[in-house]
Amino acid sequence: MPEQIEGVLEHITFHSPETGFSVVEVKLRHREDLVVATGAMAALNVGETLRCSGSWTTHPKFGAQFKVESYESIVPATLGGLEKYLGSGLIKGVGPRTARKLVEKFGTEIIAILDDSPDRLLEIPRLGRSRVERIKQAWSEQRDIQEVMVFLQGHGVSPAFAVKIYKRYAREAIAVVRDNPYRLADDIWGIGFKTADKIARELGIAEDAPARVRAGIVHAVSQATDDGHVFLPREELMKAAQDLLGVPEAAIATGLDEQVAAGKLLQEVSAEGVDCVYLPALAAAERGVAARVLALAGLRSGISGDRARQALQAVADADADADADADADADADAEGAVPACDPLRSSRPLLGIEATSLSDEQREAVVAALTSRILVLTGGPGTGKSTTCRTILAAFAHLGKRCVLASPTGRAAKRLSELTGRPARTLHRLLEVDPRTMQFKKGPDDPLDGDVFIFDETSMIDLLLCNSLLKALPPDAQVLLVGDADQLPSVGPGAVLGDLIASGAVPAIRLTRIFRQAQASLIVTNAHRVDRGEFPILLPPIAENKGRDAFFVAADEPEEVVATILDLLTRRLPAKGHAPEDIQVLCPMNRGSAGATALNLAIQSAVNPPSPVRAAVEQ
1 MPEQIEGVLE HITFHSPETG FSVVEVKLRH REDLVVATGA MAALNVGETL
51 RCSGSWTTHP KFGAQFKVES YESIVPATLG GLEKYLGSGL IKGVGPRTAR
101 KLVEKFGTEI IAILDDSPDR LLEIPRLGRS RVERIKQAWS EQRDIQEVMV
151 FLQGHGVSPA FAVKIYKRYA REAIAVVRDN PYRLADDIWG IGFKTADKIA
201 RELGIAEDAP ARVRAGIVHA VSQATDDGHV FLPREELMKA AQDLLGVPEA
251 AIATGLDEQV AAGKLLQEVS AEGVDCVYLP ALAAAERGVA ARVLALAGLR
301 SGISGDRARQ ALQAVADADA DADADADADA DADAEGAVPA CDPLRSSRPL
351 LGIEATSLSD EQREAVVAAL TSRILVLTGG PGTGKSTTCR TILAAFAHLG
401 KRCVLASPTG RAAKRLSELT GRPARTLHRL LEVDPRTMQF KKGPDDPLDG
451 DVFIFDETSM IDLLLCNSLL KALPPDAQVL LVGDADQLPS VGPGAVLGDL
501 IASGAVPAIR LTRIFRQAQA SLIVTNAHRV DRGEFPILLP PIAENKGRDA
551 FFVAADEPEE VVATILDLLT RRLPAKGHAP EDIQVLCPMN RGSAGATALN
601 LAIQSAVNPP SPVRAAVEQ
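First residue of the sequence shown: 1, per UniProt numbering; consecutive thereafter.
Here it is in structure tokens:
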């Protein structure tokens with residue numbers, strides 16, 4: 001049950017115009033000190049009375065605070081309160097002196113005067129017509145904000161969403177929400193169908209209202225994209241929407257046809273004759289990726305096969321000479337001489353290239369990367385993708401090409417940079433994302449700068465991001481997409497890497513040979529066994545298996561699972577040199593006594609327990 005407080009707003013410590021989040025100090029009747037209240041609140045004015053509903057929390061640094069879940073503003077009833085309220089900056093053109101004159105002239109009737117007879121302000125000497133008009137306008141805006149906030153919160157809208165709604169529609173907010181609350185899901189980020197539906201039910205909108213049906217159908221398609229789908233077959237969408245909305249199939253069919261006609265959804269017939277329903281943005285992205293990939297695949301790079309093989313041989317020669325150079329350098333160091341520097345040779349120790357030991361399929365991949373405008377390089381763990389990429393980079397450098405490296409995540413970009421010895425960025429940073437709008441600055445009108453673009457971990461790239469990447473490439477770019485096609489597809493919609501390989505429209509090379517240094521890894525071995533549908537090798541952590549990188553520890557009951565994980569995390573693995581902060585625990589579910597929620601609490605208690613002398617962050 002929420003608690004309530006009521007008091008006079010004395011000070012606004014912080015207020016965000018964008019989100020409405022505020023930190024204020026309130027004077028309660030029964031307390032001498034000021035109470036700190038936090039939460040989304042709009043149109044706050046010093047001197048007004050706030051009636052807040054919420055709960056008490058304790059901030060590790062600032063102490064007790066009241067977390068506001070909903071609130072209402074009450075105009076002061078006393079003359080002193082009214083004077084402070086009106087002179088707080090609430091009304092543009094009314095400062096403390098004018099506020100005093102208003103209260104002295106009209107007393108406690110001043111609010112009614114402002115609401116119903118604002119022209120009576122002309123009775124005050126030296127308050128001219130233009131100034132009175134400005135006061136009338138400012139007061140009207142304040143009343144609009146308060147009316148909207150009261151209306152929205154009265155229909156179950158949180159203060160945070162109420163602020164967003166008012167910022168979007170201003171004084172039209174009440175009319176918009178009454179007319180079609182489902183419009184909120186289209187217009188305001190963060191308000192989805194379920195929130196809009198809750199508001200609609202509060203307003204008494206019928207379950208089978210056409211607006212509800214249309215919005216629910218779009219929501220069903222959007223939910224499918226959250227599961228990685230680019231579209232839904234019409235029959236599946238009909239069933240999903242019916243389960244969501246609980247209305248007859250005929251109403252769903254009508255609503256779907258209306259959304260297609262309005263351009264809110266797109267329906268196309270697939271090559272297999274299936275009616276597929278898309279969100280328009282995803283349909284456009286799918287077409288864009290297909291068109292750009294096919295265009296690149298149909299072009300040659302301008303590097304002939306002979307020239308590519310010559311570049312590979314130059315890298316191999318530099319690789320072979322580097323070993324001899326290392327011995328010569330050692331002798332020269334002993335004699336105090338300075339060895340000559342060859343750019344191609346000197347890059348070899350940094351990159352760790354071993355071009356002389358490439359397998360035939362790796363050599364084929366290098367030549368294909370140099371001669372193709374677009375190439376997919378895939379393979380499981382331990383098959384030499386990194387070595388192949390390093391050789392490709394060295395060969396392009398030999399040909400004077402500028403290479404740009406990027407990966408979907410910061411960690412992957414850092415790893416790519418470590419493996420190649422060259423700078424790598426995240427895809428979003430490469431495309432220069434605007435954090436406020438999440439739009440990319442790089443695109444057809446401002447393309448990326450470079451000759452060759454190598455994108456790693458491309459199984460993680462979803463359809464929308466891939467489309468943005470391809471649109472931002474310069475006209476003569478060469479593209480190398482590197483990744484493991486057997487990994488899980490991207491979190492976002494689409495399975496771009498797998499689909500490109502399966503299409504056969506894009507040159508693709510799959511590395512299959514597991515190199516000797518990787519053969520000793522049980523992680524690599526088991527990854528390939530799982531890919532082949534074979535059961536992994538499970539070794540117990542006993543002395544005979546010392547030095548292996550994967551083990552299986554049996555635990556039958558959930559309590560035993562938790563105890564085993566905590567023992568590994570706090571004792572056994574740290575004893576082998578692994579710090580707890582470098583260990584990641586994965587589990588297949590959130591719920592249950594051995595699920596993610598329970599495990600996180602147990603791990604926190606074991607490795608990072610609460611402390612009276614250490615600050616903590618609450619979520």
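Every residue gets a Cβ at the ideal spot worked out from N, C-alpha and C, and that includes glycine. Bear in mind that the values here come from a model prediction, so they are computed numbers and not experimental data.
Cα-Cα, which of Asp116, Ala224 and Val218 is closest to Ala262? Val218
Counting only runs that start and end within the region 529-572, where is the beta strand (DSSP E) found for 3 or more residues in a row? none
So, under 8 angstroms CB-CB, Ala196 and Ala215 are touching, yes? Tell me the CB distance rounded to an integer number of Å. 7 angstroms
Quick one: Cα of Lys546 to Cα of Leu539, how far? 10 angstroms
Where does Gly443 fall in DSSP's three states? In the structure shown, Gly443 sits in a strand (DSSP, three-state: E or B).
Do Val274 and Pro233 have their C-beta atoms within less than 7 angstroms of each other? yes
Within 10 angstroms of the Cβ of Ser73, are there 16 or more other Cβ atoms? Answer buried if so, exposed if not. buried
Please say whether Val479 and Ile392 have beta carbons closer to each other than 7 angstroms? no
Mind checking whether the beta-carbon of Glu83 lies closer than 6 angstroms to any heavy atom of the ligand GDP? What this structure holds is no ligand at all, so the ligand GDP is not there to describe.
Identify whether Glu104 lies in helix, strand or coil by the three-state DSSP scheme. Three-state DSSP puts Glu104 in a helix.
Ala240 and Val163 closer than 7 angstroms at C-beta: Not in contact: Ala240 and Val163 (Cβ atoms no closer than 7 angstroms).
Any alpha helix (DSSP H) of 4 or more consecutive residues that is wholly inside the region 163-194: 173-179 and 183-187
Please go through the same chain and pick out, in chain order, the residues whose beta-carbon is closer than 6 angstroms to the beta-carbon of Gly443, but skip the five residues on each side of it. Lys471 and Ala472
Can you look up Arg591 in the DSSP assignment and give me helix, strand or coil? coil
Which ranges does the beta strand (DSSP E) cover as unbroken runs of at least 3 residues, wholly within the region 413-493, from first to last along the chain? 424-426, 452-455 and 478-483
Following the continuous beta strand (DSSP E) through Val157, name the residue where it begins and the one where it ends. Note, Val157: premise wrong, no beta strand (DSSP E); not H, not E.
Which runs of the beta strand (DSSP E) at least 3 residues long sit entirely within the region 272-299? Give them in chain order. 275-278
If you run the structure through DSSP and keep just helix, strand and coil, what is Arg126? coil
In chain order, what residues of the same chain have a beta carbon less than 6 angstroms from the beta carbon of Phe14, not counting five sequence neighbours either side? Val23
Whose C-beta lies closer than 6 angstroms to the C-beta of Leu279 among residues of the same chain, with five residues either side of it excluded? Val221
Report the CB separation of Ser386 from Leu419 in whole angstroms; it is logged as a contact under 8 angstroms. 5 angstroms
Report yes if the C-beta distance between Ile191 and Ala200 is below 7 angstroms; otherwise report no. The Cβ atoms of Ile191 and Ala200 do not sit closer than 7 angstroms to each other.
Roughly how many whole angstroms lie between the Cα atoms of Leu448 and Asp484? 25 angstroms
Between the CA atoms of Glu133 and Val94 - distance to the nearest angstrom: 12 angstroms
On the DSSP bridge list, what partners appear for Lys27? Val8
Ser301 by DSSP, collapsed to three states: which one? coil
Taking the beta strand (DSSP E) that Val36 belongs to, which residues open and close that run? Val35 to Ala40
Please state if the CB of Ser521 and the CB of Asp549 are separated by a distance shorter than 7 angstroms. yes
Inter-residue spacing [alpha-carbon to alpha-carbon] between Ile501 and Val376: 7 angstroms
Any idea which residues DSSP pairs Ser53 with across the strands? For Ser53, which the question treats as bridged, DSSP gives the partners Gln4 and Ser70.
Considering Cα atoms alone, identify which of Thr58, Leu244 and Glu83 is closest to Thr108. Closest by alpha carbon: Glu83.
Considering only C-alpha positions, which residue in the set Glu3, Ala160 and Cys276 is nearest to Glu235? Cys276
The region 5-14 contacting the region 122-129, beta-carbon criterion three pairs below 8 angstroms: no
What separation, rounded to the nearest whole angstrom, lies between the Cα atoms of residue 634 and Val230? Here the chain has residues from 1 to 619 only, and residue 634 is not among them.
Which residues does DSSP pair with Ala406 in a beta bridge? Arg425 and Phe455
Burial state of Ala554 (16 or more Cβ within 10 Å): exposed
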